[in-house]
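Encoded as C-alpha cells, the structure appears first; notes follow it.
4 protein chains.
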Amino acid sequence: MFFASDNWAGAHSDIAKSLVDAAGGFASAYGTGDLDKRVEKTFSEIFERDVAVFFVGTGTAANSLALASFNRPGGQVFCHREAHVNVDECNAPEFFATGSKLVPIDGPAGKIAPDALSAAIGRFPPDFVHGGQPMAVTITQATEAGTAYSLDEISALAEVVKKAGLPLHMDGARFANALVHLGTTPAEMTWKRGIDILSFGGTKNGCWCAEALVLFDRSKAQQMHFLRKRSAQLFSKSRFIAAQFDAYFRDNLWLSLARHSNGMAARLASGFAKSDKARLAWPTGSNELFVIIRNDAMKALQDKGAVFYDWPAGPDVKATMHEDETLIRLVTSFATTEADVDTFLSAL
Amino acid sequence: MFFASDNWAGAHSDIAKSLVDAAGGFASAYGTGDLDKRVEKTFSEIFERDVAVFFVGTGTAANSLALASFNRPGGQVFCHREAHVNVDECNAPEFFATGSKLVPIDGPAGKIAPDALSAAIGRFPPDFVHGGQPMAVTITQATEAGTAYSLDEISALAEVVKKAGLPLHMDGARFANALVHLGTTPAEMTWKRGIDILSFGGTKNGCWCAEALVLFDRSKAQQMHFLRKRSAQLFSKSRFIAAQFDAYFRDNLWLSLARHSNGMAARLASGFAKSDKARLAWPTGSNELFVIIRNDAMKALQDKGAVFYDWPAGPDVKATMHEDETLIRLVTSFATTEADVDTFLSAL
Amino acid sequence: MFFASDNWAGAHSDIAKSLVDAAGGFASAYGTGDLDKRVEKTFSEIFERDVAVFFVGTGTAANSLALASFNRPGGQVFCHREAHVNVDECNAPEFFATGSKLVPIDGPAGKIAPDALSAAIGRFPPDFVHGGQPMAVTITQATEAGTAYSLDEISALAEVVKKAGLPLHMDGARFANALVHLGTTPAEMTWKRGIDILSFGGTKNGCWCAEALVLFDRSKAQQMHFLRKRSAQLFSKSRFIAAQFDAYFRDNLWLSLARHSNGMAARLASGFAKSDKARLAWPTGSNELFVIIRNDAMKALQDKGAVFYDWPAGPDVKATMHEDETLIRLVTSFATTEADVDTFLSAL
Amino acid sequence: MFFASDNWAGAHSDIAKSLVDAAGGFASAYGTGDLDKRVEKTFSEIFERDVAVFFVGTGTAANSLALASFNRPGGQVFCHREAHVNVDECNAPEFFATGSKLVPIDGPAGKIAPDALSAAIGRFPPDFVHGGQPMAVTITQATEAGTAYSLDEISALAEVVKKAGLPLHMDGARFANALVHLGTTPAEMTWKRGIDILSFGGTKNGCWCAEALVLFDRSKAQQMHFLRKRSAQLFSKSRFIAAQFDAYFRDNLWLSLARHSNGMAARLASGFAKSDKARLAWPTGSNELFVIIRNDAMKALQDKGAVFYDWPAGPDVKATMHEDETLIRLVTSFATTEADVDTFLSAL
C-alpha cells in the first residue's frame, strides 16, 4: 500500500528491457547518436511540430534550465506559491538563473487565476529598475494539487502572459496524467494554447530517469546546448535516456501507463466517496488525491502499513477541516494494482 | 574500429541486467532506499574507510560539486591546463562555484609537477585581496593524457596542497583504469595519499550513467546534500544508479573491465611499437593512447572505417613531430575486442 | 516642498567640506590609510565594542554583502514582504548570495512579528533537502513603513532567530532616525539586542555616499574583505568615504541631523492631526510619514509644487481607506526646513 | 616621493569644490537629476556620438558590468594575462558574468597581438559545446604595463574581434593618459576603431570616485540599467559622481591633469636615462614606468622614503635582468610635483 509518491515505483518492464536492448554496440556520444535523433523525431511527431528536444536527468533540471533560458537581470518569475519550482527544488531555479526571483501567487487547488497573475505582473512597471523586471511565467500541469488546468484555463493565462510580452513555461512532471485526464493532444495542451517551453516528464510515469525539455521556440535551442552542458546535464551515453523514451512512446505505452495510474486514483476516489471518515479536498485531474481524513482513520491505515504523506493545508481548505482531521496526499503509479487500492480501502 | 571514446560504448550486460532486476517493487525515493544504502556501504568497504557517497549523473557534476563545496569569494582552483574541468566542461565548475576561477598549470604528459603547483599557489599571498585567494587543487587520475600519477607523485602534490592549507580533489573519471595500472588499492590511491574528495566514475567503464562523489572528509557531507539538490543532481529513482554500482562492484566486475580495456590499449601500443608510421607520444597508464601518426597512415585508417579524434599537441610534443604527422587519441573500452584491435593494426 | 525621499537632498555642508579637507596629500589606497583606520576606530567607540567595519557605496551593497556572508546552498532569508531587500534592490541580494531566496513575511506597519517569523522558519525542517535550509533573518530599522522596532521587539525577534541558530541582520538605512526616536544607544539597538551584522547608512542622513557594514561577529571579517572586493565595492580612494563619516560623527552631527529630520516629520504630523483631509496611516518612528489623503487635497498639493510618492497600501490599511483617498509617503531630511513644512501644511 | 599608485593621490581641488557646489538643493535621485543628464550629454559631445552613460563607483564595477552585458553560458572572455580584470579584481568579472571564464593571452609590454588573439579564439570552434563559446574581448588602454596601443594596433585587434562576431571592451582606467600620449580624440581611440563599450576612468586622474561605463552600442543600454542596479552600483545621490565629471571635463581639466602626470613620468624617464643603476623595461605610453633597478639603488631609495611597488617580471623581461636587479613600477599622478620627481632622481 505505497501511495507516498509515484517515484517510489521502479521502472516499467518495457523501459528496463529497452535499456538492455540498447546496451550493445558503439554510438557517438553526447546525444549525437542515431537512437537519440530518432527519438527526438518522435517528439516532433507527437507534438505535431518541429520541436527542439533536450534530454536531462531530473525534472528540477528541466524546469531550472527552462527558466534560465529566459534569464534577465532582476528577473521575476511568476509561479503558484505551492509550485514545485518554488518549494521543492532547493532554489535550483534561482541558482540556474542566477539573480532571478520567484514571485509566488496564491490560488485554490494549485491553480493560478488570470486576474491574480495580471496583478502580480502589474507590480513591475517597465523601467522601474528598483523592482526588477518580469521574466517568465511557469505553470504546472498536472498541478501540485493533482488538478489539471483545462485548455481554456491555459489559454486565459497565456493571454495575460503574452500581453506582458513574457514566455510561458509548463512543468509537465505529470504531463501524461493531465493529458489523458483532459482527453486532448500534446499539441493542444501546449503550443496551441500558448506554451513556449515544456518540461516533459517520463520518470514519474514508468521510466527510470527520463526527462526532456521541449522547446516550441527553436530560437532558444542554440544557447540551450550550452546551458545544459554548463549545468552538467549533458549525458555522455545519452542513449540511455533515448532508449527509455523509445519504449515509452512505442505503442503509446506512456498513455496506457497514465491511464492506469489515473484509474487507480479514480478507484481510490470512489472508495472515499463511500466513506464517512474521509473526503476529497478537491476533485483530482491526475494520479494524485488530496484527502481530508479523520486522524484515527489515518492512524489505523498507517498501522496497517499504508504509506503516504500528510500535507500542509492552505487557508481555504483549512477552513473546511475539523480539528481531528488531517490533509493527506495519495499518489498512484503505473505499478499500483487494483489489489493495492482495494486493500487500502478495506483497511479504511 | 571505434576508438573515439570509451563513452561510445553502451553498458556491460551485467549492468543492464541489474537495472531490470531492480525495476520492480516500491522503494523510498531520493537516495533513501535500501539498495542505495547498501551500495553506499560497499563504497566504504572498498575505500576501507567510512566515506560519504553522493550519486550524481555526470562526471562534470561530480567535479563541479566537489569544487563548489570548497567555494570562497575570489577562490582560485589550481588544475592542469588540459584538465577536463578546464577545457571540457563548458565552465560548469565556474558556474557551480560561482565567482571562482580555474588557474591552469602547464606540465608534460598531463601531469602537474609539485614545483609548478607551489609556484602557482605562491602568486596568491594571504590577504592580497585583489588577486583572490587559493581555494582548492584538482588532479585527474588517470590524466587527460592517459597517464597515471604514481602514488609518490600524488603524495608529493598533496604535500604542497596541505602546506597551503587547501583541499585536494581527484577527478577519477577513469579511476579504475589508473588503479589497475598501478596495481594498488582505492584507499592507497586516494585518502592515504592526501585526497580529500573524489569524483568516482563508472560510466566510462561499463555503466550507463553512474558517477559518485566520495567524501573522505565527512564534515562536507551535510552541505553536499543541499549542493547536490540545488544543482538538480538528486535523482528521485536514485536506485537506478545504485543498481548499476551494485553490479559494477559485484565480483570485482569493475576491475575486470578496467583490466580488459587497459589490455586492449596495451595491445594497440604493442602494435604501434612495431610500426614505422606511428609512435606513442608518451607511455600510457590507462586505456587511452596518444599517438603521433603519419598523415597518410591516418587517412588510410579512417578510410577503412577507424574512428578516433585528432588532438591538440602541446609545445613539447609538437617539437618532436614532423610536418606530415598528426597527434591522435585512441581510447579502448570494456567493449573493445581483440579483433577490433587487430583489424585496426593490420589496417595500419 | 520636496518630500519624495531623503535621498533627494544633497550633502550637509560639513560633509562636503570634509571632502575638500581630505583632498590633498597622498595616502595608501583601498582602505588602508590613516583616515580610514581612524574612522573605523570611531565606529568601535560608538558601538562600545571592537567591531569590523567595511565601507561600501550603497545600502544595497551593504545589505547584499551582509546576507552573502551567510550564504548556504538552498539558503532561505526571512524578511518583511515590503523590505527594501525584497522589493527595491532588483534582486541584488539574490545575486550576491547566489542561489539564495528571500522568504517574505507579512506584518502590519512594516514589522515582522515573532510568531510569524517562527512559523516561517518552521516550514524548513532540518534536513528536508527539497525545501532548502534557513540561512538568515533581516529586519529594517527604521522600517520601510517609517516605524521603529522597540528594543524589546528586537529582542523578541532575536530570540526566535537565535533559537533557530541563525544570524540576524539589520538594514539601518535610516539607523540614526530610529536611534534618536527611541532615545537609545547604538550598542543597545544592535548587538546588545542580538544583531549580528548591520548596514549602517549615512547617505540618507546628510552624506553624499557613505555606507558601512558593521560586523559584531568578527569571525566573518576575513571573508568579507574578499566578498567586498569581488562585488566591486572596494574603493581605491576609500578615504573619500572615511572623510564623510569623519564629519558625520564629529560633534554628533549625525544625531543632530536625524533629530532635525525627525522633528520636521513630527511637525508635518502635527499639521495632519489638525486636518480633516488627511490622517496618518500609522504613527511614525523616524523621518517618514505615511498619510491617507483625500484625492482632491493630494491633487491640490501637487499643483502647488509639492513632490511626494503615492504608495501601495497593504490590506489592513486599505480596509480603513475610502474610495477617494490615496496612501502617500512623505520623507523629510536634514535639508528640510520649517518653512518647507509650513508651506506644505498651509497648501493643504 | 609617493609613486606607489595614482590612487594614492586625493582629489583635484576643482573636483572637491564641485562637490561643495552641488551639495545644496533637492534633485531627483538615482541618476535622473538635471546635473546627471547634463554631464551625460557632455559625454556624447566628447565622444562625438550619442552614447549611453552609466556612472558606477569603481573601475572593477565598470569592467565587470561591461563583460556581464555580453554574458552567454560557457562564455569565454579573451584578455591579456596581466589584465586588471584577470589578476586584480578578485574574480569580480567572473562573479558578475556568472559562469564565464577569462582566457589569458600572453604578449610583451602588456599588449595582445592580433595573431595570438586569433589563435586563442580559434580554440573554440562553433558548436563544440564542451569548450564553451567565445563571448567578448577586452583590452586595457593604457595597458597594465604603462604602454598604449596605437590606433592601428586597436584597429588590427578589432578586425580579429569583429571577424569572430564578438564585442570589444576597453578598460580605460587610464584612458586620459593614453589619449594625450597618442594625441588623438576620444572618438578615434574608441568606436571609430571598433570599441563597443568603454570603462571610462576618472578616479586615477584626479577624481575622488568617478567611473563611467560608456556604451557605443545603445541596444545594450536597457538591460544595463538592471545590471547596474542588481550589482548595487546605482547611487541614490548619483549627482555626487556627476559633479565630479562636471568639473573634470570643464575647460579640459581632465586632459591637463593627464598631460601633467604623463609629463612627470617622462621627467622620471629622462632621469633614468642618465642613470647607470636603472633603466626602463620598455618605453612608457602613460603615467606608469616599469624600471629595472639595481637592488642596492632600490634599497637606498626606499630608505630615503620613496614609495613604490616591485612587480613580477614576465619571461622576456626576466631574460634581460641581472640577479641583483628588480623590476619596479612607478606611477605619477596629477598631484606629483616636479620637486617630487627631482628629489627622487637625486636620491637615485
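Sequences listed follow chains A, B, C and D, in order.
For the first sequence, the positions run 1 to 348 when the numbering used here is used.
For the second sequence, the positions run 349 to 696 when the numbering used here is used.
For the third sequence, the positions run 697 to 1044 when the numbering used here is used.
For the fourth sequence, the positions run 1045 to 1392 when the numbering used here is used.
Ideal Cβ placement from N, Cα and C applies to all residues, glycine included.
Exercise for the section: With a cut-off of 8 angstroms on the beta carbons, I'd call C/ALA705 and D/LEU1063 a contact; round off their distance for me. Expected result: Here residue 705 of chain C refers to the residue found at position 9 of the third sequence. Here residue 1063 of chain D refers to the residue found at position 19 of the fourth sequence. The distance from the Cβ of C/ALA705 to that of D/LEU1063 is about 14 angstroms, inconsistent with a contact at the 8 angstroms cut-off.
Handout entry: Beta-carbon gap between B/LEU415 and B/PRO441 smaller than 9 angstroms
Key = Locating residue 415 of chain B in the second sequence gives position 67, where the first residue counts as 1. Locating residue 441 of chain B in the second sequence gives position 93, where the first residue counts as 1. Yes, the pair counts as a contact, with Cβ atoms nearer than the cut-off.
Exercise for the section: State buried or exposed for C/ALA1015, treating a residue as buried only when at least 16 other CB atoms are found within 10 Å of its CB. Expected result: Locating residue 1015 of chain C in the third sequence gives position 319, counting from the first residue. Exposed.
Problem - Sequence-distant residues of its chain with Cβ nearer than 6 angstroms to D/GLY1238 (five each side left out) - result: As a first step, residue 1238 of chain D must be located in the fourth sequence, where it is residue number 194. Same-chain partners within the cutoff: ALA1202 and LEU1212.
Exercise for the section: Whole angstroms is fine: what's the gap from C/PRO822's alpha carbon to C/PRO830's? Expected result: Locating residue 822 of chain C in the third sequence gives position 126, counting from the first residue. Locating residue 830 of chain C in the third sequence gives position 134, counting from the first residue. Going from the Cα of C/PRO822 to the Cα of C/PRO830 covers about 9 angstroms.
Practice task
Pull up the CB-CB distance for D/PHE1270 and C/ARG926, whole angstroms please, since I reckon it's below 8 angstroms.
Solution key: Here residue 1270 of chain D refers to the residue found at position 226 when the fourth sequence is read from its first residue. Here residue 926 of chain C refers to the residue found at position 230 when the third sequence is read from its first residue. In fact, because the Cβ distance is near 20 angstroms, the residues do not count as touching under 8 angstroms.
Handout entry: Best match in D/ASN1221, D/TRP1252 and D/ASP1150 for proximity to D/SER1300 [C-alpha to C-alpha]
Key = Along the fourth sequence, read from residue 1 onward, the residue named residue 1300 of chain D stands at position 256. Closest option to D/SER1300, Cα to Cα, is D/ASN1221.
Practice task
Return no unless some Cβ of chain A is closer than 9 angstroms to the Cβ of C/SER796.
Solution key: Translated into positions along the third sequence, residue 796 of chain C becomes position 100. Yes, C/SER796 counts as interfacial toward chain A.
Exercise for the section: Hey, could you find the ends of the alpha helix (DSSP H) A/PRO312 is sitting in? Expected result: Along the first sequence, read from residue 1 onward, the residue named residue 312 of chain A stands at position 312. From DSSP, A/PRO312 is part of no alpha helix (DSSP H); its letter is neither H nor E.
Problem - Proximal residues to B/GLY662 (C-beta, below 8 angstroms), its chain only, five neighbours per side dropped - result: Numbered from 1 along the second sequence, position 314 holds the residue referred to as residue 662 of chain B. Correct list, in chain order: GLU430, ASP454 and PRO456.
Problem - For B/ILE502 and B/SER412, the rounded distance between their alpha carbons - result: Along the second sequence, read from residue 1 onward, the residue named residue 412 of chain B stands at position 64. Along the second sequence, read from residue 1 onward, the residue named residue 502 of chain B stands at position 154. The straight-line gap from Cα to Cα measures roughly 21 angstroms.
Exercise for the section: Grab me the residues of A/ILE197's own chain with a C-beta within less than 6 angstroms of its C-beta, minus the 5 sequence neighbours each way, in chain order. Expected result: For the purposes of this step, residue 197 of chain A is taken as the residue at position 197 of the first sequence. Residues ALA66, HIS169 and LEU215 of the same chain have their beta carbon placed closer than 6 angstroms to that of A/ILE197, with the five preceding and five following residues left out of the count.
Problem - Selected residue, minimal CA-CA separation from D/PHE1219, among D/THR1247, D/LEU1210 and D/ALA1208 - result: The sequence position of residue 1219 of chain D within the fourth sequence is 175, counting from 1. Here the closest residue by C-alpha is D/THR1247.
Practice task
Return no unless some Cβ of chain A is closer than 9 angstroms to the Cβ of C/GLY868.
Solution key: In the third sequence, counting from the first residue as 1, residue 868 of chain C sits at position 172. No - not a single Cβ of chain A is within 9 angstroms of the one on C/GLY868.
Exercise for the section: Name, in chain order, the residues that DSSP records as bridge partners for D/VAL1181. Expected result: The sequence position of residue 1181 of chain D within the fourth sequence is 137, counting from 1. Answer is D/PHE1122 and D/LEU1212, bridged to D/VAL1181.
Problem - Coarse secondary structure for B/THR674, derived from DSSP in three states - result: Counted from its first residue, the second sequence places residue 674 of chain B at position 326. If DSSP states are grouped into helix, strand and coil, B/THR674 belongs with the strands.
Exercise for the section: Taking only beta-carbon positions, decide if B/CYS427 is within less than 9 angstroms of chain D. Expected result: As a working mapping, residue 427 of chain B is identified with position 79 in the second sequence. Answer no: the Cβ-Cβ gap between B/CYS427 and chain D never drops below 9 angstroms.
Handout entry: Within 9 angstroms, strictly: CB atoms of C/LEU976 and C/VAL752
Key = Taking the first residue of the third sequence as position 1, residue 976 of chain C is located at position 280. Taking the first residue of the third sequence as position 1, residue 752 of chain C is located at position 56. Contact: no.
Problem - Contacting residues, own chain, Cβ-Cβ under 8 angstroms from C/LYS1000 (five flanking each side not counted) - result: In the third sequence, the residue the question calls residue 1000 of chain C occupies position 304. Here the set comprises MET697 and ALA1043.
Problem - Opening and closing residue of the alpha helix (DSSP H) in which D/ILE1156 lies - result: Numbered from its first residue, the fourth sequence carries residue 1156 of chain D at position 112. It is not in any alpha helix (DSSP H) - D/ILE1156 carries neither H nor E in the DSSP assignment.
Problem - Proximal chain A residues relative to C/VAL825, where beta-carbon distance stays under 8 angstroms - result: The count along the third sequence starts at 1 and reaches residue 825 of chain C at position 129. Neighbours of C/VAL825 on chain A, chain order: CYS90.
Practice task
Inspect the CB distances between the stretch 723 to 737 of chain C and the stretch 833 to 843 of chain C and report whether three or more fall short of 8 angstroms.
Solution key: The stretch 723 to 737 of chain C, when compared against the stretch 833 to 843 of chain C, does not touch it at the 8 angstroms Cβ threshold.
Problem - Under 7 angstroms from the C-beta of C/PRO769: neighbouring residues of chain B - result: What you label residue 769 of chain C is simply residue 73 of the third sequence in a count that begins at 1. Chain-ordered, the chain B residues with CB closer than 7 angstroms to the CB of C/PRO769 read GLN571, PHE574, LEU575 and ARG578.
Practice task
Verify whether the separation of the beta carbon atoms of B/TYR596 and B/ASN553 is less than 9 angstroms.
Solution key: Taking the second sequence and counting its residues from 1, the one referred to as residue 596 of chain B is at position 248. Taking the second sequence and counting its residues from 1, the one referred to as residue 553 of chain B is at position 205. Yes, they are a contact pair.
Problem - Contacts of B/LEU582 in chain C (Cβ-Cβ under 9 angstroms) - result: In the second sequence, the residue the question calls residue 582 of chain B occupies position 234. Simply VAL825 and HIS826.
Practice task
Name the one or two DSSP bridge partners that A/ILE292 has.
Solution key: Numbered from its first residue, the first sequence carries residue 292 of chain A at position 292. In DSSP, A/ILE292 forms a bridge with A/ARG279 and A/LEU327.
Problem - chain C residues whose Cβ lies nearer than 8 angstroms to that of B/GLN424 - result: Position 76 of the second sequence, counted from the start, is the residue given in the question as residue 424 of chain B. Correct list: empty, because the minimum Cβ distance to chain C is about 11 angstroms.
Practice task
Measure the alpha-carbon distance for A/ALA120 versus A/PHE128 and round it to whole angstroms.
Solution key: Translated into positions along the first sequence, residue 120 of chain A becomes position 120. Translated into positions along the first sequence, residue 128 of chain A becomes position 128. For A/ALA120 and A/PHE128, the distance between alpha carbons rounds to 15 angstroms.
Problem - Listed by chain order, chain G residues near D/GLN1177 by CB distance under 7 angstroms - result: The chain labelled as chain G is not found among the protein chains of the depicted structure, namely A, B, C and D.
Exercise for the section: Tell me whether D/ILE1198 sits in a helix, a strand or coil according to DSSP, three-state version. Expected result: Taking the fourth sequence and counting its residues from 1, one reaches residue 1198 of chain D at position 154. Of the three classes helix, strand and coil, the one that applies to D/ILE1198 here is helix, per DSSP.
Practice task
Examine the Cβ distances between the stretch 43 to 52 of chain A and the stretch 72 to 80 of chain A and report whether three or more of them are shorter than 8 angstroms.
Solution key: no
Practice task
Output yes if chain B places a C-beta closer than 9 angstroms to the C-beta of D/GLU1138; else output no.
Solution key: Residue numbering aside, residue 1138 of chain D sits at position 94 when the fourth sequence is read from its first letter. Judged by the 9 angstroms Cβ criterion, D/GLU1138 is in contact with chain B.
Handout entry: Distance, A/ASP296 Cα to A/ASP324 Cα
Key = Along the first sequence, one-based indexing puts residue 324 of chain A at 324. Along the first sequence, one-based indexing puts residue 296 of chain A at 296. C-alpha separation (whole angstroms): 8 angstroms.
Exercise for the section: Report the residues of the stretch 1011 to 1027 of chain C with a CB closer than 7 angstroms to any CB of chain A, ordered along the chain. Expected result: none
Practice task
Could you name the residues of chain B that A/GLY369 contacts, counting a contact when the two beta carbons are closer than 7 angstroms?
Solution key: Missing from the structure shown is residue 369 of chain A; chain A here goes from 1 to 348 and no further.
Problem - Residues bridged to C/LYS797 [DSSP beta-bridge criterion] - result: For this step, residue 797 of chain C is matched to residue 101 along the third sequence. BP columns for C/LYS797 point to C/GLN772.
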